[in-house]
Each structure stands twice: as structure tokens, then as C-alpha cells.
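Following: one structure in C-alpha cells, then a few remarks.
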Amino acid sequence: MKKKILIFGSEGQLGHDLAAVLAADYQVKAFSRVQADITDFNSVFKIITREKPEFVINAAAYNKVEAAETQSDLAFTINASAVGNMASAAANAGGVFVHVSSDYVFAGNKALFTEADEPNPLSAYGQSKLKGEKLIQSSQVNYYLIRTSSVFGIQAGKQKMNFVDTIIARAKEDKALKVVDDQIMSPTYSFDLAGKIKELIEKPAPFGIYHVSNQGSCSWYEFAQKILELMSINAPITPISTEESGTKVNRPKKSILKNLALEKEGFAPMPTWQDALSRYLKEKYK
Ligand SMILES: NC(=O)c1ccc[n+]([C@@H]2O[C@H](COP(=O)([O-])OP(=O)(O)OC[C@H]3O[C@@H](n4cnc5c(N)ncnc54)[C@H](OP(=O)(O)O)[C@@H]3O)[C@@H](O)[C@H]2O)c1
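Residues 907 to 1192 (this note's numbering) make up the sequence shown, in order.
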């Protein structure tokens, strides 16, 4: 009998890839926002209690970093309270909870961040994701808490565009490309992240926090340059500072996640972000 996995947020970049990657080996029940709004605490608790899955995976999140500054109540409800509710429900049902958090829980004041580093978020979005982490840790549930960064995935194009698709679309429309070069991160393909989550639960690795980003790092400007190069698009692109970008949100200057726990547990390293980007572009723009 295949183990049962519930996925919430199944129409996001990661949720979509998780459902695809897990489908062959598990009994997957995937819930979109329409099928299960995670802020409807009672009905989500009831679904988890009724289904008694071996794993509950939360791929749903409020990811609008700019808007979270003015909609922090909503960000905290989705990224924290709803997460605490799912953790309790999973514990109650005897299942393991898998949740995804962000590099934005860190202040960005170090060369790289391991699982042992102390979070210190700069933005409302980061604070809401950290609160979600803390609610899981203070619950009774067995958990894999996975932090990742700068996610791109196939599903994004259906409802909204991720950074990669935005750069390509703007370049094709001859729109000016100005991209910040003073924020350094590790771009991560949701397909690679989904695959590593599958490996984690199958090993099974010890419960706890795992950083899972594609290897290597770059500025958003360097990322955009690579996207254009791999797509053979010859468009002018200008590096700008965060200050020049006009953002009102404090973001980490460097949020490189070191996948130290994966390394210690003997997992194969994640592919480089350049390799991940090249596979993504072939898959989406072939
Ligand atoms: N994207 C990034 O750059 C990034 C960076 C670091 C960490 N992460 C984390 O990685 C995880 C996966 O991110 P992703 O890129 O796959 O995000 P995504 O593509 O934005 O998907 C999030 C999904 O959650 C759904 N959702 C939002 N509110 C919901 C609610 N109340 N109930 C049920 N579903 C709801 C969204 O539905 P709608 O589209 O209908 O709103 C969307 O389908 C998240 O935990 C995110 O915080 C992402």
C-alpha cells in the first residue's frame, strides 16, 4: 500500500512540481487554494484528521514581499497561523509535517547562512515566515522545515510570472531592463527542490531544519544576464542598486543558504543554479 501524502497549495510552483514528482510512488491528494484555503483552519484540520496521511506538505504561502508590508495581517495568517494549524493537525493525525520557509528569515549580514544561524528577518514577509517556523517548532509534530530561496518553476506562467519569465517577456517587448546587482542569492528550481524533498522523506533523514537551494550564487543582475544569454536574446540590461530600484522593503543583501544539513546526512549536492536554469528554459521555452 502506497503511503498517503496531502499537498496544500498544489497550484504554486513548488506544489505543482511536488505533485508531479511524488505521484508515481505515493497516494497523493493535492489541494489547490480553491479546494482548501489554508486560512480556513477548521476545514483544513478536518481534512487532515479524516485522511490520516503519513505526510502533510505545505506548499502554500503568501509570497508578495512588497505587499506584505501593508498586508501583514494576511501574511501572518497564511504564513504563520495557518501553518501552526496544519502542524497541530498533522501531529494529531500521526503524520509528519513538511513545510517550506525562506532565506528572507535572515538579515543578510553574513557570507552564507547555515541551519545553525540565528534568523533575524528584515521585512514583514520574513517575519511572517519566521513566525510560521516557530509555531511548527513549538508544536508536537515531527517535521522537515525546509528553507529555500528565489524559486522559479514551470507552474508560475499560468497565473503569474516568476523572475525568469518576467525578464524574458520584458526583453522580447523591448522594455528597459534594470536589475539590482547588490542583492546576492541562490536561484532555485522548484523541480530540484521537490526532488530533494522526496529524497529527504524517503531516506528518511532525521527531522529538523534543512536548507535546500541550488548550488552557487549570483546577483539578480547576473541571474538576468544568464537568462538572456541562455535564451540567445540580445537586449541591453543595466545594473542598478536596491536604492535606485525604489523598493520600500528591506531585503537581505546576501541570502546564500548553505545546504549543510543535507551534506552532513550524505545527500548528493543540489545541481548548480546555472544547470537548473538551463533545464528550466529547455522545459518551458523549447
Ligand atoms: N517564490 C520564491 O521566490 C520563494 C523564495 C523563498 C521561499 N519560498 C517559499 O517556497 C514555498 C513555495 O513557493 P512557490 O514559489 O511555489 O510559491 P507560489 O508559486 O507563489 O505558490 C504559492 C501557492 O500558495 C497558494 N496560496 C496562497 N494563499 C493560500 C491560502 N490561503 N490557501 C491555500 N493556498 C494558498 C497560492 O495560490 P494563489 O496563486 O491562488 O494565491 C499559490 O498557488 C513557499 O513556502 C514560499 O514561501 C519561495
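From the three backbone atoms N, C-alpha and C, an ideal C-beta is built for every residue, glycine too.
Take residue i and list the residues in its own chain whose beta-carbon comes closer than 7 Å to its own, dropping the five residues that flank it on each side.
i: alanine 1077; result: Leu1083, Leu1134, Ile1139 and Ala1141
i: alanine 1062; result: Gln919, Asn1068 and Asp1071
i: asparagine 1120; result: Ser1092, Pro1093, Thr1094, Tyr1095, Asp1098, Met1176, Pro1177, Thr1178, Trp1179 and Ala1182
Going by the C-beta, is residue i closer than 6 Å to any heavy atom of ligand 1?
i: isoleucine 944; result: yes
i: arginine 1157; result: no
i: glycine 918; result: yes
i: glycine 915; result: yes
i: threonine 1178; result: no
i: isoleucine 984; result: yes
Grab me the residues of residue i's own chain with a C-beta within less than 6 Å of its C-beta, minus the 5 sequence neighbours each way, in chain order.
i: isoleucine 944; result: Phe914, Val950, Ala966 and Ala988
i: phenylalanine 1003; result: Val962, Ala993, Ala996, Val1047 and Tyr1049
i: alanine 1167; result: Glu1021 and Tyr1116
i: aspartate 1009; result: Ser1055, Ser1161 and Leu1163
i: alanine 974; result: Ala981, Ala1030 and Tyr1031
i: valine 927; result: Ala1100, Gly1101 and Lys1104
i: isoleucine 1052; result: Val1006, Tyr1116 and Val1118
Run the CB neighbour count on residue i, radius 10 Å, all protein chains shown included, and call it buried at 16 or more, exposed below.
i: glutamate 1039; result: buried
i: proline 959; result: buried
i: glycine 1172; result: exposed
i: serine 1044; result: exposed
i: proline 1093; result: buried
i: alanine 1174; result: exposed
i: glutamine 941; result: exposed
i: asparagine 1068; result: buried
i: proline 1110; result: exposed
i: lysine 908; result: exposed
i: asparagine 985; result: buried
Straight-line CA distance for residue i to residue j?
i: lysine 1159; j: lysine 1190; result: 30 Å
i: lysine 935; j: asparagine 964; result: 12 Å
i: isoleucine 953; j: glycine 1001; result: 13 Å
i: proline 1027; j: lysine 1037; result: 10 Å
i: methionine 1176; j: aspartate 946; result: 35 Å
i: alanine 999; j: alanine 1017; result: 40 Å
i: threonine 976; j: serine 1151; result: 19 Å
i: leucine 1041; j: arginine 1185; result: 36 Å
i: proline 1145; j: valine 1057; result: 21 Å
i: arginine 1157; j: tyrosine 968; result: 16 Å
Looking at ligand 2, does it come within less than 6 Å of residue i, judged from the CB to the closest heavy atom?
i: valine 927; result: Ligand 2 is not among the ligands present in this structure, which contains only ligand 1.
Near residue i, what residues of its chain come up, given a Cβ to Cβ distance below 8 Å and the 5 sequence neighbours on each side ignored?
i: serine 1147; result: Val1086, Asp1087 and Asp1088
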